[in-house]
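If you're matching positions, the sequence shown starts at 12 in my numbering and goes up one per residue.
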Amino acid sequence: MSKQTQPPEHDVLGLETGLEALQASPEFHGPVEPVDEHDSYDHLALLYETQGEQFATAIPYIEQGLERGERCLYIADENDTDAVLAALRDAGVDVDGALESGALTMHTAQDSYLRYGEFDPDDMIAFLADAIEEAEDEYEGLRITGEMTWVFGDDPPLEALIEYESKLNRVLPDANGIALCQYNRERFPAETIRDVIKTHPHLIYDRTVCQNFYYTPPEEFFGPDQPAREIDRMMGTLLDRTEARAELQHNQQHLERQNEITADPDCSFEEKLQDLFDLGCERFDLELGAMARVDVDDDWFELEYVSDDHEQFRPGVELPLSETYCAAATEIETAESVTDPQADGYGDVTVYNEFGLRAYLGTYIPVEGGDDRTFFFVSPDRRDEAFTDDERTFLRLLGQWVKYQLEQEQRESHERTLYEIAADPDRSFDEKLQAMFELGCERFDLDLGGLARIDPATDSFEVEAVSDEHEYLVPGAQAPLSETYCRLTVDESTAGVTDPVRAGFGDTLAYDEFGVETYLGSRIELENEPDRTFFFVASDAHDRAFTDAERTFHHLMSQWVQYELERKQRERALEDSNERLEQFAYAASHDLQEPLRMVTSYLQLLETRYGDAFDEDGEEFLEFAVDGAERMREMIDGLLEYSRVSTRGDPFEPVELEAVLEDVRADLQFHIEESDADIEAEQLPRVEGDASQLRQVFQNLLCNAITYSGEEPPRVHISAKRRSREWVISVRDEGIGIDPDDHERVFTVFDRLHGREEYEGTGIGLALCQRIVERHGGDIWVDSEPGEGATFSFTVPVA
Numbered sequence: 012m013s014k015q016t017q018p019p020e021h022d023v024l025g026l027e028t029g030l031e032a033l034q035a036s037p038e039f040h041g042p043v044e045p046v047d048e049h050d051s052y053d054h055l056a057l058l059y060e061t062q063g064e065q066f067a068t069a070i071p072y073i074e075q076g077l078e079r080g081e082r083c084l085y086i087a088d089e090n091d092t093d094a095v096l097a098a099l100r101d102a103g104v105d106v107d108g109a110l111e112s113g114a115l116t117m118h119t120a121q122d123s124y125l126r127y128g129e130f131d132p133d134d135m136i137a138f139l140a141d142a143i144e145e146a147e148d149e150y151e152g153l154r155i156t157g158e159m160t161w162v163f164g165d166d167p168p169l170e171a172l173i174e175y176e177s178k179l180n181r182v183l184p185d186a187n188g189i190a191l192c193q194y195n196r197e198r199f200p201a202e203t204i205r206d207v208i209k210t211h212p213h214l215i216y217d218r219t220v221c222q223n224f225y226y227t228p229p230e231e232f233f234g235p236d237q238p239a240r241e242i243d244r245m246m247g248t249l250l251d252r253t254e255a256r257a258e259l260q261h262n263q264q265h266l267e268r269q270n271e272i273t274a275d276p277d278c279s280f281e282e283k284l285q286d287l288f289d290l291g292c293e294r295f296d297l298e299l300g301a302m303a304r305v306d307v308d309d310d311w312f313e314l315e316y317v318s319d320d321h322e323q324f325r326p327g328v329e330l331p332l333s334e335t336y337c338a339a340a341t342e343i344e345t346a347e348s349v350t351d352p353q354a355d356g357y358g359d360v361t362v363y364n365e366f367g368l369r370a371y372l373g374t375y376i377p378v379e380g381g382d383d384r385t386f387f388f389v390s391p392d393r394r395d396e397a398f399t400d401d402e403r404t405f406l407r408l409l410g411q412w413v414k415y416q417l418e419q420e421q422r423e424s425h426e427r428t429l430y431e432i433a434a435d436p437d438r439s440f441d442e443k444l445q446a447m448f449e450l451g452c453e454r455f456d457l458d459l460g461g462l463a464r465i466d467p468a469t470d471s472f473e474v475e476a477v478s479d480e481h482e483y484l485v486p487g488a489q490a491p492l493s494e495t496y497c498r499l500t501v502d503e504s505t506a507g508v509t510d511p512v513r514a515g516f517g518d519t520l521a522y523d524e525f526g527v528e529t530y531l532g533s534r535i536e537l538e539n540e541p542d543r544t545f546f547f548v549a550s551d552a553h554d555r556a557f558t559d560a561e562r563t564f565h566h567l568m569s570q571w572v573q574y575e576l577e578r579k580q581r582e583r584a585l586e587d588s589n590e591r592l593e594q595f596a597y598a599a600s601h602d603l604q605e606p607l608r609m610v611t612s613y614l615q616l617l618e619t620r621y622g623d624a625f626d627e628d629g630e631e632f633l634e635f636a637v638d639g640a641e642r643m644r645e646m647i648d649g650l651l652e653y654s655r656v657s658t659r660g661d662p663f664e665p666v667e668l669e670a671v672l673e674d675v676r677a678d679l680q681f682h683i684e685e686s687d688a689d690i691e692a693e694q695l696p697r698v699e700g701d702a703s704q705l706r707q708v709f710q711n712l713l714c715n716a717i718t719y720s721g722e723e724p725p726r727v728h729i730s731a732k733r734r735s736r737e738w739v740i741s742v743r744d745e746g747i748g749i750d751p752d753d754h755e756r757v758f759t760v761f762d763r764l765h766g767r768e769e770y771e772g773t774g775i776g777l778a779l780c781q782r783i784v785e786r787h788g789g790d791i792w793v794d795s796e797p798g799e800g801a802t803f804s805f806t807v808p809v810a
């Protein structure tokens, strides 16, 4: 079923895969090797002496076919059909189900080989051809096996049997079928078994799959020179096998060495490449190994690596590709050779005339997401013999490893760049998006990146951003979604188009008017606002489909875009919420000022006019009322100040924190002297911020450090540490400390850890610090344990 000598890409029937499937079963063993001068490996002969030997092969053969989704056709003769079915049941096969579904069909010699009363090779071939064609409609193919003892009933001439076997050899390679002919050695004469062996390329005997190097093609078997041909064939087989084994051993040594080189975890790519160059030079008997970047469309060649010194052929050399032998490899995109440059049409190229190179063996390496390469070997000496198929195969194996490494390196490089862009704190969303567009255009080999709003319900599409100028795809441009390639992302998370007409876009705006022929895009679903598509397009058609790796990389990029869009959503929602909160806090605190002043005024009047009339309890009650009003005034002032952090702050500018700290020290001088506080400070940096608000942060933190110092005089240390694009400022004290469970509470508005009888305060100071630090794009936190002091740290941007 397959004419290839290498396993096909898909698991189809045929001796190459069917036979390997047999060998995978513990019932069979034996090597699989191609037979010279024969391209069909779908026809086997089973030689057996007992029914046990026969069923040991025939039953697993049918069982495996059913497991592989093939229709199985069994022709019984020596055994009746019931005996065969019983053996299948004993093997665990669902015989009734297979028969009912049609996956298994049972026949006799009388309704197959002898269905018209006598055996006719052409009639039987037609019978099997029809069965194969019928099976191909519903199954993976047809698996045939027939017991051949019917031959003795009508005694057809041996020529008719051999003619049938030879025609079966010609039918099976072009059809999805495999056949196993069963011969009983006890029933057939030795001469007939000998001829059967000669007409089957592979045999199964004693559950061993054997290559038949005594196989004789039918045209030779029936020819007049058959005895002489048989002698030549036998001698040739012996010689060929001896030479083949020597060559195989030679190849095996080089393959083992290649595996050692490429699997070495301690060597870099360049070191492995040099070792492969050395290995290839030895294998091909050439002097230099090399790799070059190439562009077929631009006729460009740049030498990247060379295994040894050469006067002119050095890394960095650039030439037109057409002036090199590598043009031969790029034309056929596989391994190609030059052994006689003048005869091969390269007598006037640079590498022949100027560089003096006379022999070449190279392969083309298309690199996904990067520059294509050629990997090759050259020599200044001519080569007398053509390069063998084994040498070309070995070169392709080397090239496959190089391709994998280059593409892996390219993918890792693009992913590193992606993460660097996403993590860059100095770029805005629009700048990052533009960098993503450029990276994607390079990765996918496309012209333009874009982001658009879409709404399937209204069939709308509106361009939001693009990477470059385009006649039609510009920010604000609108079109029906159904007229764009982006309509595919409504049902698919990631979609690509490389053949617009075949994909059904031949009459759309995107193809006809916008001139877009290649597309790769993803849909980004958002809550409470229109969805987006993140896409890349080109005006030229791709000659290949997008790979899984490209789609995965595109998905990574779109995930970042979605995250950024959602973050912007959250920021806008938070800004709106904060603005409403600030408006409420300002209004509430402002409106409370008037009634509070009234309460305070009347309390003062009561104290002035009727103070003498109060007894001791009345004076105490009045004192409580005045104190409560004063605390309420302080809280309202704090709330008003808290609400104005974002709206009443000064613009950011470079601020010298040394100067800020000196002003705070001056303001707190009395408090510092009264408490005998010792305040030490390292050199403080220049930052970007609002000087008055940063002064308030320092003042609140120093006041707290002095206030909560405990019984010992306050000891405070202020330090600064650079961290990327921000400074971390820390204020450490040796005071009473804070329980870890309360670390978050201390930044909550009006939430106090201590009663007023212990420590004065409104409970808004640290909340105000947090509000100011957040306005500066930073964070504030505390590290503390009870009795071990506290360190308050906050971040501010570098100036």
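Backbone N, C-alpha and C define an ideal beta-carbon position, used for all residues, glycine too.
Here the structure is a predicted model, which means the values were calculated and not measured.
| Item | Value |
| --- | --- |
| DSSP bridge partner residues for Phe-545 (one or two, in chain order) | Leu-462 and Ser-533 |
| Endpoints, alpha helix (DSSP H) assigned at His-118 | Careful: His-118 lies outside any alpha helix (DSSP H), inside the beta strand (DSSP E) at 115-119. |
| Rounded straight-line distance, which links the Cα of Leu-499 to that of Gly-526 | 18 Å |
| Paired residues, beta bridge with Leu-330 - DSSP | Phe-312 |
| For Val-572, the nearest candidate out of Val-548, Glu-785 and Asp-542 (CA to CA) | Asp-542 |
| Buried or exposed (CB count within 10 angstroms, at least 16 for buried), Met-609 | exposed |
| The segment 131-143 / the segment 174-182 touching (three or more Cβ pairs under 8 Å) | yes |
| Where Met-246 falls, given that 16 or more other Cβ within 10 Å makes a residue buried | In this prediction, Met-246 scores a pLDDT of 49, lower than 50, which makes its location untrustworthy; the coordinate-derived value is nonetheless stated afterwards. By the 10 Å Cβ count, Met-246 comes out exposed. |
| Opening and closing residue of the beta strand (DSSP E) in which Pro-665 lies | 664-667 |
| Which of helix, strand or coil DSSP assigns to His-754 | coil |
| N- and C-terminal bounds of the alpha helix (DSSP H) containing Trp-812 | The requested residue 812 does not occur in the structure, where the chain is confined to residues 12 to 810. |
| Supposed contact pair Ile-86 and Tyr-124 - C-beta distance, whole angstroms, cut 8 Å | 7 Å |
| His-49 to Ala-56 span [Cα, whole Å] | The pLDDT assigned to His-49 is 42, lower than 50, so where the model puts this residue is not dependable; a value taken from the coordinates is nonetheless given after this. Straight-line Cα distance between these residues: approximately 16 Å. |
| Span of the alpha helix (DSSP H) around Gly-108 | 106-112 |
| Whole-number beta carbon distance between Leu-84 and Ala-140, since they are thought to touch under 8 Å | 12 Å between Cβ atoms; not a contact. |
| Beta-carbon spacing of Val-742, Ile-729 below 8 Å | yes |
| Any 3 or more C-beta pairs closer than 8 Å across the segment 383-401 and the segment 418-430 | no |
| Beta-carbon proximity check, Asp-752 vs Pro-725, cutoff 8 Å | no |
| Ile-376: first and last residue of the uninterrupted beta strand (DSSP E) it sits in | 370-376 |
| Nearest-angstrom Cβ-Cβ length linking Arg-384 and Ala-303, presumed shorter than 8 Å | 6 Å |
| Cβ-Cβ distance between Ala-114 and Glu-74 below 8 Å | no |
| Alpha-carbon to alpha-carbon, Asp-510 and His-553 | 8 Å |
| Unbroken beta strand (DSSP E) run spanning Thr-806, endpoints | 801-808 |
| Integer-rounded CB distance, given that Phe-547 should sit under 8 Å from Phe-455 | 5 Å |
| Terminal residues of the beta strand (DSSP E) in which Tyr-150 lies | Premise fails: Tyr-150 is in no beta strand (DSSP E) and is neither H nor E. |
| Tyr-85 - containing beta strand (DSSP E), residue span | 82-87 |
| Inter-stretch contact at 8 Å, needing at least 3 Cβ pairs: the segment 491-506 / the segment 532-540 | yes |
| Segment limits, alpha helix (DSSP H) that includes Tyr-194 | Here Tyr-194 belongs to no alpha helix (DSSP H); instead the beta strand (DSSP E) covers 188-195. |
| Check whether Leu-537 and Glu-494 have beta carbons under 8 Å apart | no |
| Where the beta strand (DSSP E) through Glu-473 begins and ends | 471-477 |
| Proximal residues to Glu-158 (C-beta, below 7 Å), its chain only, five neighbours per side dropped | Ile-86, Ala-87, Asp-88, Glu-89, Asn-90 and Gln-193 |
| The segment 393-412 touching the segment 340-357, judged by at least three CB pairs closer than 8 Å | yes |
| CB contact flag (Phe-295, Val-305, <8 Å) | no |
| Arg-403 to Phe-388 span [Cα, whole Å] | 11 Å |
| Cα-Cα separation, Asp-674 to Thr-802 | 22 Å |
| Reference Gly-487; option with closest CA among Ser-504, Gly-461 and Asp-148 | Gly-461 |
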